[in-house]
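In UniProt numbering, the protein residues as written are 1 to 451. Built from N, CA and C at the ideal position, the CB exists for glycine as well. What you are looking at is a predicted structure, and each value in this text was computed from that prediction instead of being measured.
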């Protein structure tokens, strides 16, 4: 029966020419849960994947090529995957070396021949009259439970008045100062704490080392820094955080982009919009494939398009009058909106009809065109539907519904470029005034020369 590896992204099967071994999932429930957590595999609908009795994992996902039954061994759980950050031979070799070193120390400290060295009498030690000699038992394992250590048998024996004491039997030795059970418990407890601290620091060092080489572009570089935040995203840090807090409730984290936190995903999306860096460059800086970044980028764009559309609205008359900048109050006291059309380059359509509608004579390229209106303060207040680049600016304004008494009252002023020759349209429909720059073609240009 053919066997295929169930790991994400692995295409190995037993019919391939290279020699591989395949291993079923362990029966132990706890260990099986650890294997499933390492695989990070979900069903298409997002529910956890459950292995069957025929599910197997190939030997390429184990450092030594096969699982190990020792709980402390790195191959107790498969760890070599294409999506793993520490999937390098150097890191894998370090894991094996640490395991071997720990195993050697266990063998050394649990040796039955290990005895306490004989010590000389010191003047600071108790006198013979107050000292009782004890027979020391062989050392117990370092990781023995505290209650076992505290109950180690200690048998008193008569004190012998000698400067040096000889071992009465193999495996025991005479010592001049007895070690109490509380002292022994304190020593072993301190050793366990130091060992735990060492293991924690090693893991933290490995994690930080891997992040240095992979996660070089993240939202942490703009945290609490308005200057950098505005440079990378166009938003101040507080605004960035507020928008993300609102959007993250609607965004689910996908396995493809699981290496990036949701805040970092939103950050790189804004970086792409603000700085227009190539997808390949941003993907390399984040340590993820370019295809994953593409999918993540468009998911956030779709989310922002649907959840932030309420920000584009036409303000009321009182708000317009109250927020009109002083620089406009002299010449344009009734200014309500500034309009313009902008074009976005697109790939050339395959169909000839669509290609003809999207070709822009002004840009000499296939484009789409949108009418945008903004308030004197710069906030977007109107956005039309998307048109092909062939359509003129005046036609978009007429067809978008912008020339309407819904938006404009008699006497309102609208600023536009000289290509928007629609003064009569605004005057006849809503009695508004469209102001455009004067035409200078055919007129004498005044040249100012210094004396």
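- In the structure shown, residue 300 adopts helical secondary structure according to DSSP, grouped into three states.
- Shown here, residue 363 sits in coil according to DSSP, grouped into three states, outside any helix or strand.
- Shown here, residue 58 sits in a strand according to DSSP, grouped into three states.
- Take the alpha-carbon of residue 429 and the one of residue 370: they are about 22 angstroms apart.
- Less than 8 angstroms separates the beta-carbon of residue 5 from that of residue 12.
- Straight through space, the alpha carbons of residue 39 and residue 72 are spaced by roughly 19 angstroms.
- According to the DSSP assignment, residue 282 belongs to the alpha helix (DSSP H) that extends over 279-286.
- When 36, 19 and 20 are compared, the shortest CA-CA separation from residue 27 is found for 36.
- In this structure the stretch 39-59 does not touch the stretch 92-104; the number of beta carbon pairs closer than 8 angstroms is below three.
- Excluding sequence positions up to five before and after residue 250, its CB lies within less than 7 angstroms of the CB of 303 and 307, all in the same chain and listed in chain order.
- Boundaries of the alpha helix (DSSP H) around residue 30: 29-39.
- According to the DSSP secondary-structure assignment, residue 340 is paired through a beta bridge with 372.
- 263 is the residue among 362, 30 and 263 whose C-alpha sits nearest the C-alpha of residue 252.
- Distance from the CA of residue 353 to the CA of residue 389, rounded to the nearest whole angstrom, comes to 13 angstroms.
- With 16 or more other Cβ atoms from the protein chains shown falling within 10 Å of its own Cβ, residue 412 counts as buried.
- Under the three-state reduction of DSSP output, residue 49 falls in the coil class, being neither helix nor strand.
- Under the DSSP assignment, residue 322 falls in the alpha helix (DSSP H) whose first and last residues are 317-323.
- Put simply, of 268, 309, 225 and 181 the residue whose alpha carbon is nearest the alpha carbon of residue 218 is 268.
- Residue 240: member of the alpha helix (DSSP H) spanning 237-247, first to last residue.
- For residue 433, there is no enclosing alpha helix (DSSP H); the enclosing beta strand (DSSP E) has its first and last residue at 433-435.
- Judged by pairs of C-beta atoms under 8 angstroms, the stretch 352-366 does not touch the stretch 395-412, as fewer than three such pairs exist.
- Looking at the backbone, the Cα of residue 358 and that of residue 294 are separated by about 24 angstroms.
- Residue 271 and residue 230 have their C-alpha atoms some 10 angstroms from each other.
- Contact check between the stretch 413-420 and the stretch 392-399: three or more CB pairs, one atom from each, fall below 8 angstroms, which counts as touching.
- Membership of residue 415 in the beta strand (DSSP E) is indicated by the continuous run 413-415.
- In the DSSP assignment, residue 394 falls within the unbroken alpha helix (DSSP H) covering 393-400.
- CA-to-CA, the gap between residue 78 and residue 299 works out to about 31 angstroms.
- Sequence-distant Cβ neighbours of residue 348 in its own chain, meaning closer than 7 angstroms and more than five residues away, are 355 and 366.
- Residue 208 carries a helical assignment under DSSP once its states are collapsed to helix, strand and coil.
- Judged by beta-carbon spacing, residue 340 lies within the 8 angstroms limit of residue 372, meaning their Cβ atoms are closer than that value.
- Restricting attention to 64, 205, 192 and 333, the CA atom closest to the CA of residue 317 is found in 333.
- The beta carbon of residue 2 sits closer than 7 angstroms to those of 13, 14 and 15, all from its chain and outside the five residues before and after it, given in chain order.
- Membership of residue 23 in the beta strand (DSSP E) is indicated by the continuous run 22-24.
- Classified as exposed, residue 325 has fewer than 16 neighbouring CB atoms from the shown chains inside 10 Å of its CB.
- About 6 angstroms separates the CB atoms of residue 338 and residue 374; that is less than 8 angstroms, so the two are in contact.
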